[in-house]
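**Q** Chains as they are written, first to last, in the working numbering: chain A, 651 to 1000; chain B, 1124 to 1441.
Glycine included, every Cβ here is placed at the ideal spot set by N, Cα and C.
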């Protein structure tokens, strides 16, 4: 395996709110390899977007990256001066965002906003303008020559996201972070955007970090996936392994809750019982234990660490799904309420 | 920018302004004659002389005929008539000359208002919750809670009395007695006129900037690696200007009407001074003329502001 292009070690990001300190990202470590596409999944509030923003130090107030390292080309991005990190942003590591409607400036033309990304890193204006048209063609925007003069409101949602991607690719970055790039788009356009990202990943060799809550997006685009829950990484591994044999009950529940076309009509949609924890007062032990059907006594008190559960696959769970299947008949389980599989209901301890 | 639609829109608005101006001058024409006293009364004229003067100004004719003649004069020749107090003085050139003086003060006041307001607002927003912000916010609260005549009086006290050499006591020098004049120390009346509005602009700009810099597209701009100053000026300020433009209309009108007081305090022979003087003199014709000018200015100012939107926000097209 080649050397990783980005190494994240023990990243911690906190928000100082009126209610107290929220640790949105709590000790996240992972590697990103050149040219790969890595998915980071989790539900709202799991810390996946904040992780992405932390890499480029774009966390909005009152958020602060309080610890850890983000190593890129032997330098820690968290230690760079404001001007040095500015040089990295958009040139080496580019980022595209969820809602292309609000992420593009309404009063500047799309072409200008793309060209600007190149001029910020020293490209001459004429050259930047010429490349803008090329980029728009590359992301398959029809009539690119005339579209450069259009304002964002004159483009469709899909075209806006294509323009955003063009902006992200403008300086041929080695890493492209995509923060839920398809969430605001309708399904057919989602598929086109994913296909485009996949092509660009293969053709340009840029590593992609795909932040999403959609397991389908991960399956379609990524080769490796990180599952986050309440600020922690709970499982990571190759996409095939994770989809075939998830080892963390949370991953298992997520995959199980994808609606299926072949499900019986009267069957209720499956969800994960309970709500995501309040990060102002995170649960003791394993953060998923209040919602976990397979929890054991230990889960209430001890925090599990990421351990190798299969080749290249790691999970942070005391039980793991292998044992849950063997001992708790996980696959036949209909009742997925907390503790349903394991029979551990120490209510007073919660 | 100047599309066919915009030109048609401008045309429509100009027609509308013309009608408004006509309506205003009609109302003033009919209303002013209801004021007690008249211009000729103060001349202590009696008998035939008085009758002759009345006849000269057609004041002996029925009101509706006077009104008809006046209207024909305005519409066909742009002639606002002759001064009642200063016989033989034509009003149209008089108010036009005074308009240039007032416009000069007004333009400088507007520069203060917008320039100062924007700079203070942006700085306060960028330095939110620091002492810079608190000082600027407090200053602007003081600014818009003080009427312009209070500020004017303070300025006079400081610069004309305590530091008398700063102004020589004069704020207006006429050049050659003709059309052009020069306003000495123009920044004093302009500041008095503009500062209260600058404070409003500053507060609005601050609030607007604070909202804009939390927008997603500002994050995008940062993610591109743009310099912070570029982000603030090109991406944030441009969007923050949109709500500020909205109050520019009432604000310009405030500056125009505020000039009535300021010009009187500083002794600037502009439209505002004439406005007050002519009412006191019962100089009907000038009152109507000045009102007409004011109505036209307000109309044009509003049109100007509406056209500014097009420049600032590409989503707005007429």
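#1: Leaving out five residues on either side along the sequence, give the residues of the same chain with a beta carbon under 8 angstroms from the beta carbon of residue 1300 of chain B.
#2: Quick check: residue 960 of chain A and residue 971 of chain A, are their CB atoms within less than 8 angstroms of each other?
#3: Roughly how many whole angstroms lie between the Cα atoms of residue 1127 of chain B and residue 1430 of chain B?
#4: For residue 1179 of chain B, name the three-state secondary structure that DSSP assigns.
#5: Residues in the same chain with beta-carbon distance under 6 angstroms from residue 1315 of chain B, minus the five sequence neighbours each way, listed in chain order, please.
#6: Using a Cβ distance threshold of 8 angstroms, determine whether the region 793-804 of chain A contacts the region 694-701 of chain A, with at least three qualifying pairs required.
#7: Going along chain B in order, which residues have a C-beta closer than 9 angstroms to the C-beta of residue 722 of chain A?
#8: What are the partner residues of residue 763 of chain A, as DSSP defines its beta bridges?
#9: Of all Cβ atoms in chain B, is any one closer than 8 angstroms to the Cβ of residue 756 of chain A?
#10: Measure from the alpha carbon of residue 975 of chain A to the alpha carbon of each residue in A:963, A:945, A:964, A:824, then state which is nearest.
#11: I need the DSSP call for residue 860 of chain A, collapsed to helix, strand or coil.
#12: Counting pairs of Cβ atoms below 8 angstroms between the region 1339-1356 of chain B and the region 1262-1271 of chain B, do you hit three or more?
#13: Just checking, does the region 1213-1233 of chain B make contact with the region 1386-1401 of chain B on the three C-beta pairs under 8 angstroms criterion?
#14: Straight-line CA distance for residue 1312 of chain B to residue 774 of chain A?
#15: Since residue 1009 of chain A is in the beta strand (DSSP E), which residue starts that stretch and which ends it?
#16: Can you grab the Cα-Cα spacing for the pair residue 992 of chain A / residue 790 of chain A, in whole Å?
#17: Is the beta carbon of residue 1249 of chain B less than 8 angstroms from the beta carbon of residue 1355 of chain B?
#18: Enumerate in chain order the residues of its own chain whose CB-to-CB distance from residue 768 of chain A is below 7 angstroms, with the five nearest sequence positions on each side excluded.
#19: Can you find a C-beta in chain A that's less than 8 angstroms from the C-beta of residue 1135 of chain B?
#20: Please check the pair residue 987 of chain A and residue 943 of chain A, which I expect to be a contact at CB under 8 angstroms, by giving their CB distance rounded to whole angstroms.
#21: By how many angstroms is the C-alpha of residue 1332 of chain B removed from the C-alpha of residue 935 of chain A?
#22: I'd like to know if residue 1437 of chain B contacts chain A, where contact means its C-beta is closer than 8 angstroms to some C-beta of that chain.
#23: Starting from residue 696 of chain A, follow the alpha helix (DSSP H) in both directions and report where the run begins and ends.
#24: How is residue 1421 of chain B classed by DSSP in three states: helix, strand or coil?
#25: Answer with yes or no whether the minimum CB distance from residue 1348 of chain B to chain A is below 8 angstroms.
#26: If we count the other Cβ atoms within 10 Å of its Cβ and call it buried at 16 or more, is residue 902 of chain A buried or exposed?
#27: Please look up how many angstroms separate the CB atoms of residue 691 of chain A and residue 884 of chain A, rounded, as I've assumed it's under 8 angstroms.
#28: Does residue 832 of chain A pass the burial test, meaning 16 or more other C-beta atoms within 10 Å, or should it be called exposed?
#29: Determine the burial state of residue 686 of chain A: buried for a count of at least 16 other Cβ atoms within 10 Å of its Cβ, exposed for fewer.
#30: Pull up the CB-CB distance for residue 665 of chain A and residue 653 of chain A, whole angstroms please, since I reckon it's below 8 angstroms.
#31: Do you know whose CA, among A:830, A:849, A:843, lies nearest residue 864 of chain A's CA?
#32: Ends of the alpha helix (DSSP H) at residue 733 of chain A?
#33: Got a sec: which bits of the region 766-795 of chain A sit with their beta carbon under 8 angstroms from any beta carbon on chain B, in order along the chain?
#34: Taking 8 angstroms as the threshold (C-beta atoms), are residue 1225 of chain B and residue 1382 of chain B in contact?
#35: Would you please state the rounded distance, in angstroms, between the beta carbons of residue 746 of chain A and residue 815 of chain A? I believe it to be under 8 angstroms.
#36: Around the Cβ of residue 667 of chain A, are there at least 16 other Cβ atoms within 10 angstroms (buried) or fewer (exposed)?
**A** With the given structure in hand:
#1: Bear in mind that a pLDDT of 45 at residue 1300 of chain B, under 50, signals an unreliable position, so the number given afterwards is only what the model happens to contain. Within the same chain, residue 1300 of chain B has no close Cβ partners at all.
#2: no
#3: 14 angstroms
#4: helix
#5: 1271, 1274, 1275, 1278, 1385
#6: no
#7: None at all; the shortest Cβ gap to chain B is about 14 angstroms.
#8: Answer is none; residue 763 of chain A lacks a bridge partner.
#9: yes
#10: A:945
#11: strand
#12: no
#13: yes
#14: 47 angstroms
#15: The shown model of chain A, from 651 to 1000, leaves out residue 1009 of chain A, and the question about it has no answer.
#16: 52 angstroms
#17: yes
#18: 778, 781, 820, 821
#19: no
#20: 7 angstroms
#21: 44 angstroms
#22: yes
#23: It is not in any alpha helix (DSSP H) - residue 696 of chain A carries neither H nor E in the DSSP assignment.
#24: helix
#25: yes
#26: buried
#27: About 10 angstroms; that fails the 8 angstroms criterion.
#28: buried
#29: buried
#30: 33 angstroms between Cβ atoms; not a contact.
#31: A:830
#32: 732-738
#33: 766, 767, 770, 771
#34: yes
#35: 6 angstroms
#36: exposed
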